[in-house]
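Heads up: the protein sequence lines correspond to chains A and B, in order. Position 208, counted from 1, in the first sequence is what numbering that gives the first Met the number 0 calls 207; the numbers after and before it change by one each time, with no gaps. Position 101, counted from 1, in the second sequence is what numbering that gives the first Met the number 0 calls 100; the numbers after and before it change by one each time, with no gaps. Don't be surprised by glycine CBs; every beta carbon is placed ideally from N, CA and C. In this text the structure is predicted, and so the values were computed from the model without any measurement.
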Amino acid sequence: MNEPDPRPWRRAALAPLALVAVLGVASFVRPGDSGGALLLANPDRSRVTELRVVLAALPDQPLVLVGLDPDLGTYAEIRTTVRAAFDDLRRRDARLAIVSFTPEGRAVAAAELDRLARTGFAQEALLDLGFIAGAEAGMVRAVTALVPVAAEGSLAGAVREAGGGMGAFDIVLVVGGGDLGPRTWVEQVGTRLPGLPIVAIAPTFAQPELAPYLRTGQLAALLATLRDGAAYASSVAAAAGPPNVPNESPERVPSALAMLIGMLLALVVLGRTLLASAWGGAGSAGPTETDGRHATRSPRAAAERAPSDEPVADGESAANGEPTGDGEPVEGPE
Amino acid sequence: MSGFWGSDLAGVAATWVAALVTVLVWSYLIGERRVFQLAQHLLAGLATGYLVLLAVREVLLPRLAEPLVRDPAGNLLLLPALVLVGALAGARWLPRPVVALPVAFLVAGTAAFALGGAVVGTLLPQLAASVIQPGGAETVANGLVGLGVTSLVLIGFLHGVPRSRIVGGAAGAGRWLLLGGIGGWLGFLLVSRLALVVDRIGFLLGDWLGLAR
Chain A
0 MNEPDPRPWR RAALAPLALV AVLGVASFVR PGDSGGALLL ANPDRSRVTE
50 LRVVLAALPD QPLVLVGLDP DLGTYAEIRT TVRAAFDDLR RRDARLAIVS
100 FTPEGRAVAA AELDRLARTG FAQEALLDLG FIAGAEAGMV RAVTALVPVA
150 AEGSLAGAVR EAGGGMGAFD IVLVVGGGDL GPRTWVEQVG TRLPGLPIVA
200 IAPTFAQPEL APYLRTGQLA ALLATLRDGA AYASSVAAAA GPPNVPNESP
250 ERVPSALAML IGMLLALVVL GRTLLASAWG GAGSAGPTET DGRHATRSPR
300 AAAERAPSDE PVADGESAAN GEPTGDGEPV EGPE
Chain B
0 MSGFWGSDLA GVAATWVAAL VTVLVWSYLI GERRVFQLAQ HLLAGLATGY
50 LVLLAVREVL LPRLAEPLVR DPAGNLLLLP ALVLVGALAG ARWLPRPVVA
100 LPVAFLVAGT AAFALGGAVV GTLLPQLAAS VIQPGGAETV ANGLVGLGVT
150 SLVLIGFLHG VPRSRIVGGA AGAGRWLLLG GIGGWLGFLL VSRLALVVDR
200 IGFLLGDWLG LAR
């Protein structure tokens, strides 16, 4: 009979800690150092080309409305792409007006506005439209009245002269991930201003939801995978050459090797967990609500773990989902 | 590099706070729950404070109070809005029918905009795009595949109705297709989350420890 592990959390924590350690080591390896076979950037540049074609068709000094509403948790995935888009627009002498419809988006917008100012973006080409409450209703109102009363400057004046609403802009760049993302923009703004092109940058998980809008033309361009984002960032960097903006810190995409190793490790951990579940093992689960005591997944394991003075009566208790001797509910047989 | 903070003292302090909180959260990996809960409480408290600040500074003052003070006659519609906000704020002490009014406005307005937008902006255009039109063989094949998959998945949701052997088989195929779709989406999620882990490790090693600048 096996002795119970007095500190099961140590074994449970081994796999995630190994994942973190290996990813940490792999993070040192830059994508460019990995060789041609291990590049994060998508070799299929069609999405990047679509976006660059739309941007190239803009007039001189275009007015660009940026709807910055990412999710705080997933913004790190698209941050490189968003900053590459800002750099791209800056080099096209675009004038940016940034608005947010979610509190999280406003937090990111404030940080990005601060960063743009620090890295030398011309202040007269930057307009902070702030946070607009009201979700969809607020967005619909912003279609005709976007500029706050207190907003000043040449850019605010230019938008007011052109009507003060979203129709004054040449293009909308939506940074999604939160509740009010590209889909909401297409539904609320695209239907009211069909002539206004909308391009979007979104985290990978949103790609299946947003791809149909690209096909119907409701989105003029979409970067919604890490690989497309990396390809776009590299194309912008290649077009611009070495950074010539003072205080500009080089933007890095995640290491391709780190991603690959992480995926392989995650698959190993997942496979181990699935195998353990299939064979009735209970040693692979992570820390649980019972502080290291693992939830029993099968009647057989429940019977093995039940104390001898309170046996599981031929699976009856287990089948009914009643607590066994050690007080843990178990699932019935399928 | 996250690039959010400069190299001045405030930036250094912000980097240290962010790094320490990251370590606090990751302490869950070794089963340390108390420190992790401390980080959770910190997040909840900061988020609440931030929301209050945002509501006061960016909504109530500039879009409600200031226009009313500056030009009351020109902003008459804001008066009922002020009453509704007051009713919501005093919901605890007011009769239910009074509180129900602003809540009804809120829910009905949100639902109307969301539903209208979904129908006009998503449902109709996507239905139109799904219609199989005569064209190249590839276009027709894509349309037929889309039609077949959609039909099978919809049949997979048929529950509680008598099913023949063919319909049962189609429902099974639809469920497998659904599982395949969910699996693909989970794959997207895996890549997405891995990118976040790699970025956070890069933050710790680069921004905080200065090892990978």
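For A:Gly-261, the C-beta contacts it makes with chain B under 8 Å involve Leu-193, Val-196 and Val-197, in order along the chain.
In the assembly as shown, A:Thr-203 is a buried residue. Its beta-carbon has 16 or more other beta-carbons within 10 Å. Between A:Gln-217 and A:Glu-135, the C-beta spacing is not below 8 Å. Among the residues facing chain B, A:Ser-254 is included, as its CB has a counterpart in that chain under 8 Å away. In this structure, DSSP gives A:Asp-178 a state outside helix and strand, which the three-state scheme calls coil. Between A:Tyr-231 and A:Val-65 the beta-carbon gap is near 16 Å, outside 8 Å, which marks them as no contact.
The CB of B:Ile-200 comes closer than 8 Å to the CB of Val-19, Leu-22, Gly-23, Ser-26 and Ala-257 in chain A, given here in chain order.
In terms of CA proximity to B:Val-58, A:Phe-130 leads the group A:Val-19, A:Ala-106, A:Phe-130 and A:Phe-85. By the C-beta density criterion, A:Asn-41 is buried, having at least 16 other C-beta atoms within 10 angstroms. In summary, the residues of the region 28-59 of chain B whose CB is separated from some CB of chain A by less than 8 Å are Leu-28, Ile-29, Gly-30, Arg-32, Tyr-49, Leu-50, Leu-53, Ala-54, Glu-57 and Val-58, in the order they occur in the chain.
For A:Gln-60, no CB of chain B lies under 8 Å from its own CB, so it is not counted at the interface with that chain. Put simply, the CB of B:Thr-109 is near chain A, with a gap under 8 Å to one of its CB atoms. Judged by DSSP in its simplified three-state form, A:Ile-260 adopts helix.
Judged by DSSP in its simplified three-state form, B:Ile-131 adopts coil rather than helix or strand. Boundaries for B:Ser-163: no beta strand (DSSP E) harbours it, and the DSSP string shows neither H nor E there. Per DSSP, the beta bridge partners of A:Gly-66 are A:Val-98 and A:Val-173.
Residue pairing by DSSP places B:Leu-146 in no beta bridge whatsoever. Selection A:Ala-109, A:Tyr-74, A:Leu-62 and A:Ile-77 evaluated against A:Arg-89 yields A:Leu-62 as nearest (Cα-Cα).
Under the three-state reduction of DSSP, B:Gly-159 is assigned to coil, being neither helix nor strand. Residue-level contact by beta carbon holds for B:Leu-204 and chain A, with a gap shorter than 8 Å.
Setting aside the 5 residues that flank it on each side, A:Val-21 is surrounded in the same chain by Ile-260 and Leu-264, each with a C-beta closer than 7 Å to its C-beta; the list follows chain order. For A:Ile-197, the enclosing beta strand (DSSP E) starts and ends at 197-200. Ranking B:Ser-163, B:Ala-170, B:Gln-132 and B:Ile-131 by CA distance to the CA of B:Ser-150 puts B:Ala-170 first. Counting the other Cβ atoms within 10 Å of the Cβ of A:Gln-60 gives fewer than 16, which makes it exposed. The beta-carbon of B:Leu-208 is placed no less than 8 Å from the nearest beta-carbon of chain A.
Within chain A, Arg-182, Val-185, Glu-186, Pro-211, Tyr-212 and Gln-217 have C-beta atoms less than 9 Å from the C-beta of B:Thr-121, given in sequence order. Not a single C-beta of chain B is nearer than 8 Å to the C-beta of A:Gly-175. For B:Leu-188, the neighbours in chain A by C-beta distance under 7 Å run, in chain order, Phe-204. Under the three-state reduction of DSSP, B:Asp-7 is assigned to coil, being neither helix nor strand. Counting of Cβ neighbours within 10 angstroms places A:Glu-160 among the exposed residues, the total staying below 16. Less than 8 Å divides the Cβ of A:Ala-124 from the Cβ of A:Leu-95.
Chain-order list of chain B residues neighbouring A:Ala-96: empty, with the shortest C-beta distance near 16 Å, by a criterion of under 8 Å. Within the same chain, Cβ atoms closer than 8 Å to the Cβ of B:Trp-15 are found at Trp-207, the five residues on either side in sequence being excluded.
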